[in-house]
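**Q** First, the structure itself, so that you have it in front of you.
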Amino acid sequence: MAAVGAPASTQESGLQCAAELQIWDDVGWEAWLRGRLASGPFAVPGPCVLDVSEDVILSYPQSDFALVEQDLRAAFPQGVARKLEDAIRDEVTTCLTVRRELINYKKLCLHMWKAGSTVEKDLRQLASFFYIDLVAETPSEEQRKLYSDVSNTMNECRGAVSVIWDARYFGKAICNLPRHPDSGVPWKFEELPESLEVWKSLERARQFVSSHAELDAYLALRWGRRMQENCSSKGAAGEETAEYGAEASMPSKPPAKKDLAWKSERVLVQSPLSTDGLHELLKAIKSTGLPLPRAALRYIELVLIARGMSKAMTLRTTLRRYCVALRQVQASAEEVRADLRNLLDCQPSETSASAGLHSFCEKYWRMMSGVVAVVPEMLQWLEPISEVHGDAERVFVSGAKGAAA
């Protein structure tokens with residue numbers, strides 16, 4: 000009913016709109032709608048939107064707002080359909096633009112990851128070729144410098160490539176999110192940033208820093224026992240007995256890295272990520288003030304799901320969550336890198352240098368340096384993509400062949 004005191008034109012418009020939507024309150028509204036969608040001037044090709052479900056959703060054309068316009072104009076009067084379209088057009092087209100840019104960006108990351116992996120492989124081969132045992136051998140200064148330079152570059156490359164791999168993997172995973180909100184999302188999105196590949200290296204570096212003093216003390220004790228054993232043992236039998244006694248009384252070695260549990264990437268979990276976007280669009284529909292019956296609202300919801308508009312909203316929200324996770328990685332990597340730098344600046348103990356503990360510190364510092372260098376480069380593009388507008392010009396064109404890239 001129109002509001003009391005409202006202008007006559009407004010009252011007439013409201014009454015006309017209510018009369019036009021009255022068909023949705025009838026018992027036979029579904030048969031009427033199926034008939035309009037199947038044949039006649041408003042026929043929509045393809046499977047009926049009313050039948051969309053998790054099992055058949057991939058059969059529906061998607062990711063084009065023109066499909067939504069077609070479905071709404073087939074079911075509602077022209078004026079009502081126009082109001083519904085205007086209520087969600089800007090938000091939906093913006094999210095579709097985000098999707099387009101992210102598809103191209105993750106293909107670009109594929110090219111970068113392949114190139115980075117090739118360089119890392121070459122560096123590993125060089126490190127193997129120039130390898131020297133810094134503990135057991137007494138290499139020349141030139142040999143030591145050559146192996147250290149190759150090894151340090153390889154570890155920096157490894158840290159950088161891990162960030163690029165994450166960008167590629169999560170970019171593709173975001174683009175491949177399930178289209179139906181009832182399907183949920185991959186568990187990795189609910190456990191960011193711990194589910195990032197680069198987080199594994201970060202955790203191991205952090206574990207190394209926290210147990211560095213214990214490792215050094217353990218090596219000092221072991222080193223002292225072994226020196227004492229070498230001085231006091233006589234004969235092969237005596238050495239064997241002394242060694243057995245030393246090993247039996249040695250304390251347990253502190254863990255050098257944290258063990259991380261494996262979990263399948265295909266596991267889906269229920270998450271607000273998959274439903275919040277749909278609820279936001281339905282809220283915009285209700286804000287039009289149109290007296291939409293429950294059946295009409297349900298039809299609009301099915302249209303948004305079948306045509307990929309709900310997924311597009313989820314895609315943008317998930318990308319923003321990934322960007323937040325990268326910010327956390329950047330802050331944590333810089334903190335751990337500073338701690339490692341402090342350990343490197345300290346004069347290494349005899350046991351630390353002899354056992355290669357100082358070299359491990361250098362290894363983790365180089366890996367964190369690679370992470371710290373690349374994460375800002377990823378964010379430089381991902382954050383603007385997540386905030387792009389629907390009328391923005393293209394940022395990336397991948398040039399990849401095929402949609403599987």
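Sequential numbering of the sequence shown, starting at 0, is according to numbering that gives the first Met the number 0. No residue lacks a Cβ here, since even glycine has one placed at the ideal position from N, Cα and C.
For Cys-406, does the count of other Cβ atoms within 10 angstroms reach 16, so buried, or fall short, so exposed?
**A** Outside the displayed range of the chain (0 to 404) lies residue 406, so it cannot be described from this structure.
**Q** Taking C-beta to C-beta, are Ile-131 and Leu-314 nearer than 8 angstroms?
**A** No, they are not a contact pair.
**Q** So for Val-323, helix, strand or coil by DSSP?
**A** If DSSP states are grouped into helix, strand and coil, Val-323 belongs with the helices.
**Q** Given 8 angstroms as the limit, is there contact between the region 268–286 and the region 57–71, that is, 3 or more CB pairs closer than that?
**A** The region 268–286 vs the region 57–71: no contact.
**Q** Would you decide whether Ala-235 is buried or exposed? Buried here means 16 or more other CB atoms lie within 10 Å of its CB.
**A** Bear in mind that the predicted position of Ala-235 carries a pLDDT of just 49, short of 50, making it unreliable; the figure below should be weighed with that in mind. Answer is exposed; the Cβ neighbour count stays below 16.
**Q** According to DSSP, simplified to helix, strand and coil, what is Leu-267?
**A** DSSP places Leu-267 in strand when its eight states are reduced to three.
**Q** Quick check on the burial criterion: 16 or more other C-beta atoms within 10 angstroms. Buried or exposed for Ser-150?
**A** When all chains shown are included, Ser-150 counts as buried.
**Q** Could you work out which residue in Lys-171, Leu-356, Phe-75 is closest to Leu-32 when comparing CA atoms only?
**A** Nearest of Lys-171, Leu-356, Phe-75 to Leu-32, Cα basis: Phe-75.
**Q** Answer with buried or exposed for His-357, where buried requires no fewer than 16 other C-beta atoms within 10 angstroms of its C-beta.
**A** Buried: at least 16 other Cβ atoms inside 10 Å.
**Q** Quick check on the DSSP output: the alpha helix (DSSP H) that includes Gln-21 runs from which residue to which?
**A** Premise fails: Gln-21 is in no alpha helix (DSSP H) and is neither H nor E.
**Q** For Val-118, does the three-state DSSP call read helix, strand or coil?
**A** Of the three classes helix, strand and coil, the one that applies to Val-118 here is helix, per DSSP.
**Q** What are the boundary residues of the alpha helix (DSSP H) that includes His-357?
**A** Its alpha helix (DSSP H) spans residues 356–385.
**Q** Mind the definition here: the region 84–91 touches the region 372–385 only if three or more C-beta pairs lie below 8 angstroms; say whether that holds.
**A** No contact exists between the region 84–91 and the region 372–385.
**Q** Rounded to whole angstroms, what is the Cα-Cα separation between Tyr-104 and Thr-317?
**A** For Tyr-104 and Thr-317, the distance between alpha carbons rounds to 15 angstroms.
**Q** Would you grab the beta carbon distance between Val-335 and Met-367 for me? Rounded to a whole angstrom, and I think it's under 8 angstroms.
**A** So it is a contact: roughly 6 angstroms between Cβ atoms.
**Q** What residue range is occupied by the uninterrupted alpha helix (DSSP H) comprising Ser-209?
**A** First-last of the alpha helix (DSSP H) with Ser-209: 196–209.
**Q** Rounding to the nearest angstrom, what Cα-Cα distance links Ile-304 and Leu-291 in this structure?
**A** Their Cα atoms are separated by approximately 18 angstroms.
**Q** Please tell me whether Arg-178 and Ile-299 are closer than 8 angstroms, where the distance is taken between their beta carbons.
**A** No, the pair does not count as a contact, with Cβ atoms beyond the cut-off.
**Q** Mapping the DSSP letters down to three states, classify Gly-401 as helix, strand or coil.
**A** In this prediction, Gly-401 scores a pLDDT of 49, lower than 50, which makes its location untrustworthy; the coordinate-derived value is nonetheless stated afterwards. Of the three classes helix, strand and coil, the one that applies to Gly-401 here is coil, per DSSP.
**Q** Which same chain residues end up closer than 7 angstroms to Glu-53 when comparing Cβ atoms and leaving out the 5 residues on each side of it in sequence?
**A** Taken in chain order, the residues that qualify are His-179, Asp-181, Ser-182.
**Q** From this set, Val-160, Ala-126, Gln-77, which residue's C-alpha is nearest Ser-116's C-alpha?
**A** Ranking Val-160, Ala-126, Gln-77 by Cα distance to Ser-116 puts Val-160 first.
**Q** Go ahead and label Gln-329 buried or exposed: buried means 16 or more other beta carbons lie within 10 angstroms of its beta carbon, across all protein chains shown.
**A** Per the 10 Å Cβ criterion, buried.
**Q** Under 7 angstroms Cβ to Cβ from Ala-73, same chain only, skipping five residues before and after it: list those, please.
**A** If we look at Ala-73 and ignore the five residues flanking it on each side, its Cβ neighbours are Arg-35, Leu-36, Phe-41, Val-43.
**Q** Cα separation between Cys-360 and Lys-171?
**A** Their Cα atoms are separated by approximately 34 angstroms.
**Q** Please return the same chain residues whose Cβ sits closer than 7 angstroms to the Cβ of Ala-7, not counting the five positions on each side in sequence.
**A** Residue confidence for Ala-7 is low, a pLDDT of 46 falling below 50, so the modelled location carries little weight and cannot support an answer.
**Q** Using a Cβ-Cβ cut-off of 8 angstroms, state whether Ile-384 counts as contacting chain D.
**A** The chain labelled as chain D is not found in the depicted structure, where only one protein chain is given.
**Q** What residue does the alpha helix (DSSP H) around Gln-346 start on, and which one ends it?
**A** Run containing Gln-346: none; DSSP gives neither H nor E here.
**Q** Report yes if the CB atom of Ser-62 is closer than 8 angstroms to the CB atom of Val-184, and no otherwise.
**A** Their beta carbons are not under 8 angstroms apart, which means Ser-62 does not touch Val-184 by this criterion.
**Q** Which residues does DSSP pair with Val-184 in a beta bridge?
**A** Beta-bridge pairing links Val-184 to Val-268.
**Q** Is it right to say Leu-343 is buried, meaning 16 or more other beta carbons lie within 10 angstroms of its own, or is it exposed?
**A** By the neighbour-count rule (16 or more Cβ atoms within 10 Å), Leu-343 is not buried but exposed.
**Q** Evaluate contact between the region 161–169 and the region 121–128, counting only Cβ atoms and requiring at least three cross-stretch pairs below 8 angstroms.
**A** Contact fails: fewer than three Cβ-Cβ distances are below 8 angstroms.
**Q** Check for me: the alpha helix (DSSP H) holding Val-302 runs from which residue to which?
**A** That run of the alpha helix (DSSP H) goes 293–305.
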